[in-house]
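See below for the structure under consideration.
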Amino acid sequence: MPKWLGASAIGALVLTPLLGLVFAVVDRPADPLTGATPPLFEVSAGVGELLLRSILLSVCVGVGSGVLGTWLAWVEHRTRILGAWSVVTLLPLAMPSYIVAATVRSSLSPGGWIGDALGLPHMTGFVMAAIVLIVVTAPLVQLIVGASLKNTSAAEEEAAIVLGSRPIRVFWDVTWPRLRPAVGFSCLISLLYAISDFGAVAVLDVPVLTWRLYLAVENQDVARASVLGAATLVALLPMFVAARAIRGGVQRAGSANARPVNPRPSGPRAVVATAVSVFFVVGLGVILPVVTLLIWVGDGWSRSLPFVSPWGSIGDTALVAVAGTIVTVALASLPAWSVSEEERLGRRKGWLEDGVYLTSALPGVLLALGLIIAAVRFTRPFGAEAYGVVLASGALLMVGYATRFVAEVFAPLRVAFGALDPRQLESARVLGAGPWKRFRTVLLPGVAPGIVVAGLIGFNAIVKELPVTLLLGGATGLRTLSFRVWDRYNEALWHDAGLAGLWLVALALTSAVLTIRWRKNA
Amino acid sequence: MPESHPLAIDGLGHAYGSNRALSGVDLVVKSGEFVSLLGPSGCGKTTLLRSVAGLVSPAEGSISIDGRIVNASGSIVVEASERGVGLVFQEYALFPHMTVAENIGYGLRNANAERVSGLMAVTDLTGLANRKPSELSGGQQQRAALARALAPRPALLLLDEPFANVDAGLRAALGRVLTRLVRDEGVSVLMVTHDQDSALAMSDRIVVLGVGERGGFVTQDGPPEDIYVRPATAEVARLGGPALLLAAQASGETATSALGTLALHAPRQGPVTVVIRPEQVHFSVDPTGNAAVESMQFHRTHHRLRCTSPAGEVDVVVASNEPLPAIGDRGFVRVRGPVWALEGA
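So this is what it looks like as structure tokens:
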């Protein structure tokens, strides 16, 4: 497959929203009454404070989830405390942050089922947002650091022991240098997640860039949105550069075919610390949200409130998620194939991979803004109606999903393509198989498990996605479950929000469990 | 007071769940001695080595190092970090984020640049002090691992399959470095290997482990010549190198076999199995002979012939400077010198 095809796909996905953001800055629209372009100081008022708060929140989340996730990874791979149950701490991965935030706020604040019992104050603000985002991102750290822990070499640690080192020194001298890139990288991923998140901060009333950017886009205040968007990019850029620098270290760390370290029995302090951390992550991240959603629904039934049928939203969600997944996987396959080919030939340059990660680093709100402005500009020559047609067709929504999640589905696809042995295709060719037969009998069976995993990851991400769905999907007339949860929650119709939320969680959990099972085959 | 040896193992036994790995193993390594543990896969030789290092807690028996009991009745008395032994891992296990010099100096209580540079010199690593392990060849990595293990001047050095990841060309050279270093450092060595050539060439003594229903056990303990020439069992004979095991009828100092009457190393009576090494077998060309050359391979210093004979297929070694028969030539197979006889056919 020619490399330019993969490069073009990624180039288009990166450049379209970025061009849109450039247009947004250039086009700062004139005031409809006075005809004057608003001065920059006017639209940028308070942006510095928002920027500072966004950075502070993301740093708190990065550090918090780094510590918690690393501990959970250690518990999973180095102790026997949880055994096979250690996967339960990964469950919050399937929970949308806005549902966790909404249910935590509702249940812990006065009037909530826990808040009333314990007499708690209103659970909103910076600290609560940080806690919710730590709970949601800690499993990401657990996964990344856990993969690194699994690849550490027992022989290296044993060598240090035999040379006279006590366990603490073995950890700092031998284990930690192996883990450091993974811990740093996963902290940055949590940091990027936190700075990009808009649902949880909006629900918990924390004025940060993404939430204000969403409001500006919703109010069609392009001038303000462009300044907020630029500020978000300023905050993101150093984090992205740092993540890029560390990513290579994560890939290099660990020993291929290393004999893994066997889990060891733990003391009572480790058991207590594990119990507290599991209670924190699973309790706040899964049990409390699900119970609260059930209470909302039960409350609606007991008061005979009218429910909006969820079937339409389930159908819309399935339609949007399946279509979005197909588009995303198809587009991600092009660079995944090119990168795996480069690796096979030993000419890995990495810029194509960087493009993939850059594409997905844009927060959903910023991405949606960029795509909207780009679509307005590009459709202008085709008449005033053209933009509306494009938006209503769902094409922009599909591009939004593909851009947002291309990196997530890229990783398993690259692994699947990379594992293909070109000699198998050559053998089939020498044995007389034509291109179609080679594709059907050798290529497809080889990469199919990887494609299924990529598809499940994409499906899960799209089902939970909020800002792109709200800003680009509204005009399509489709009302997905995430759209319905957000819409009903903001109108205080909690019974409806609860029902849609339960279906959403069920879909997300199912796809997450299937991903874990299929990953073993891929 | 009993004599204290660098290593003394008494009645060692261990199991992984329901799988017995070792049973009733007794072993002593004397001061300055190079002992190899030779045995097939699954005989528990690595478990034994890891037990001595303190990385496995054996269920039964005791281990003492330099007269100090480190394991007794299934519990660790002295932790691995306090045993003061050197261990070279099969996969070397160099710390990838440290330089070669940092790796070698890791086990030293106080930084000692002289000791590190001295060991680098004798292991041919001079000039590579600031390299990372990933920048070294396989042979250099192995020498660095050896230097790291020797740096704290252990009384006992444990080697776990040290030649497993080295090609045949490097093996002999590394073996020479190892034996020279061990002699210069005055360290006693216990080496685990399944490579009979290395064990025979380097060891003062070889302990052969067999696999039984109750896990690995010692089948023979003796100098390399004994293991090769006077094996205790047919398994030991095979572990020692290529051998023709032939049923024979012994009567005093000779035995009658399909290859004729054979002289024995030690008198025996009744049915026996004689152990004949290829270099003991001679093929003489004779058109009336009852054997024939079937195939031939060239091995630099000699040719190895495979001949059909009244005793079945027999390997014959012909030195490169001796006249060589052609494939298909007929002749007689004869055994030179005395052979070892095992009781029973």
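Respectively, the protein sequence lines represent chains A and B. Numbering of the first sequence is given in my numbering, commencing with residue 1 and proceeding in unit increments. Numbering of the second sequence is given in my numbering, commencing with residue 1001 and proceeding in unit increments. Glycine residues also receive a C-beta, built at the ideal position from the N, C-alpha and C atoms.
For residue i versus residue j, is the C-beta spacing smaller than 8 angstroms?
{"i": "S186 of chain A", "j": "I134 of chain A", "result": "no"}
{"i": "V1189 of chain B", "j": "L1157 of chain B", "result": "yes"}
{"i": "H1265 of chain B", "j": "R1230 of chain B", "result": "yes"}
{"i": "T476 of chain A", "j": "A392 of chain A", "result": "yes"}
{"i": "A1291 of chain B", "j": "T1308 of chain B", "result": "yes"}
{"i": "R440 of chain A", "j": "R429 of chain A", "result": "no"}
{"i": "G1013 of chain B", "j": "L1022 of chain B", "result": "yes"}
{"i": "V217 of chain A", "j": "L471 of chain A", "result": "yes"}
{"i": "A1319 of chain B", "j": "H1302 of chain B", "result": "yes"}
{"i": "E313 of chain A", "j": "R488 of chain A", "result": "Per the sequence presented here, residue 313 of chain A reads as Ser, with Glu not at that position. No. Outside cutoff."}
{"i": "V468 of chain A", "j": "A368 of chain A", "result": "yes"}
{"i": "T1219 of chain B", "j": "V1236 of chain B", "result": "yes"}
{"i": "V1078 of chain B", "j": "V1088 of chain B", "result": "no"}
{"i": "L331 of chain A", "j": "L13 of chain A", "result": "yes"}
{"i": "A321 of chain A", "j": "I462 of chain A", "result": "yes"}
{"i": "G285 of chain A", "j": "V100 of chain A", "result": "yes"}
{"i": "F528 of chain A", "j": "R377 of chain A", "result": "Residue 528 of chain A lies beyond the residue range present for chain A, which begins at 1 and ends at 522; the question has no answer from this structure."}
{"i": "P1096 of chain B", "j": "V1211 of chain B", "result": "no"}
Determine the DSSP secondary structure at residue i, reduced to helix, strand or coil.
{"i": "A1250 of chain B", "result": "strand"}
{"i": "T1308 of chain B", "result": "strand"}
{"i": "T1273 of chain B", "result": "strand"}
{"i": "E353 of chain A", "result": "helix"}
{"i": "W1340 of chain B", "result": "strand"}
{"i": "F307 of chain A", "result": "coil"}
{"i": "I1065 of chain B", "result": "strand"}
{"i": "E343 of chain A", "result": "helix"}
{"i": "H495 of chain A", "result": "helix"}
{"i": "A256 of chain A", "result": "At A256 of chain A the pLDDT is 48, less than 50, meaning the model places this residue with poor confidence and gives no usable figure here."}
{"i": "R1268 of chain B", "result": "strand"}
{"i": "L1362 of chain B", "result": "Any property of residue 1362 of chain B remains undetermined from this structure, which presents chain B solely from 1001 to 1345."}
{"i": "H1299 of chain B", "result": "strand"}
{"i": "I457 of chain A", "result": "helix"}
{"i": "E1294 of chain B", "result": "strand"}
{"i": "I246 of chain A", "result": "helix"}
{"i": "H1005 of chain B", "result": "coil"}
{"i": "T79 of chain A", "result": "strand"}
{"i": "E1313 of chain B", "result": "strand"}
{"i": "T480 of chain A", "result": "coil"}
{"i": "R1330 of chain B", "result": "strand"}
Return the chain-ordered list of same chain residues with a C-beta closer than 6 angstroms to the C-beta of residue i, the five sequence neighbours on each side being excluded.
{"i": "V308 of chain A", "result": "D496"}
{"i": "A1432 of chain B", "result": "There is no way to answer for residue 1432 of chain B, as the model of chain B reaches only from 1001 to 1345."}
{"i": "G1289 of chain B", "result": "R1330, G1331, F1332"}
{"i": "A256 of chain A", "result": "Confidence at A256 of chain A is low in this model, with a pLDDT of 48, below 50, so the placement of that residue is unreliable and no value is reported for it."}
{"i": "L19 of chain A", "result": "A374"}
{"i": "F405 of chain A", "result": "T328, G458, A461"}
{"i": "M1001 of chain B", "result": "The predicted model places M1001 of chain B with a pLDDT of 44, which falls under 50 and marks its position as unreliable, so this point remains unresolved."}
{"i": "P1310 of chain B", "result": "A1258, N1290"}
In the DSSP output, what is residue i paired with across the bridge?
{"i": "Q142 of chain A", "result": "Note: Q142 of chain A sits in no beta bridge, so no partner."}
{"i": "S1075 of chain B", "result": "B:A1072"}
{"i": "N1019 of chain B", "result": "B:Y1016"}
{"i": "D1221 of chain B", "result": "B:V1207"}
{"i": "S1193 of chain B", "result": "Before going on, a small fix: residue 1193 of chain B reads as Thr here, not Ser. BP columns for T1193 of chain B point to B:L1038."}
{"i": "L1350 of chain B", "result": "Because residue 1350 of chain B is not part of the residues shown, which for chain B are 1001 to 1345, the question remains open."}
{"i": "A154 of chain A", "result": "Per DSSP, none; premise fails for A154 of chain A."}
Short of 8 angstroms in beta carbon distance, which residues of its chain neighbour residue i, apart from the five on each side in sequence? Order them along the chain.
{"i": "F280 of chain A", "result": "L68, V135"}
{"i": "L509 of chain A", "result": "L91, A94"}
Using CA atoms only, rank isn't needed, just tell me which of the options is closest to residue i.
{"i": "D1160 of chain B", "options": "B:G1086, B:I1327, B:D1204, B:G1105", "result": "B:G1086"}
{"i": "L1181 of chain B", "options": "B:A1121, B:A1129, B:R1171", "result": "B:A1121"}
{"i": "G119 of chain A", "options": "A:G125, A:F126, A:G111", "result": "A:G111"}
{"i": "L294 of chain A", "options": "A:A433, A:A500, A:V59", "result": "A:A500"}
{"i": "L1119 of chain B", "options": "B:V1177, B:G1074, B:V1335", "result": "B:V1177"}
{"i": "A235 of chain A", "options": "A:V261, A:T274, A:Y193", "result": "A:Y193"}
{"i": "W71 of chain A", "options": "A:T152, A:T124, A:W494, A:A275", "result": "A:A275"}
{"i": "T1254 of chain B", "options": "B:G1240, B:Q1269, B:L1245, B:G1241", "result": "B:Q1269"}
{"i": "P1152 of chain B", "options": "A:A147, A:N151, A:S153, A:G164", "result": "A:G164"}
Residues in the same chain with beta-carbon distance under 7 angstroms from residue i, minus the five sequence neighbours each way, listed in chain order, please.
{"i": "I10 of chain A", "result": "P335, L352, G355, V356, T359"}
{"i": "P412 of chain A", "result": "G450, V453, A454, I457, A522"}
For the ligand NAP, I want to know if residue i counts as a neighbour, meaning its beta carbon is within less than 7 angstroms of at least one of the ligand's heavy atoms.
{"i": "Y98 of chain A", "result": "As presented, the structure is devoid of all ligands, the ligand NAP included, so that no description of it is given."}
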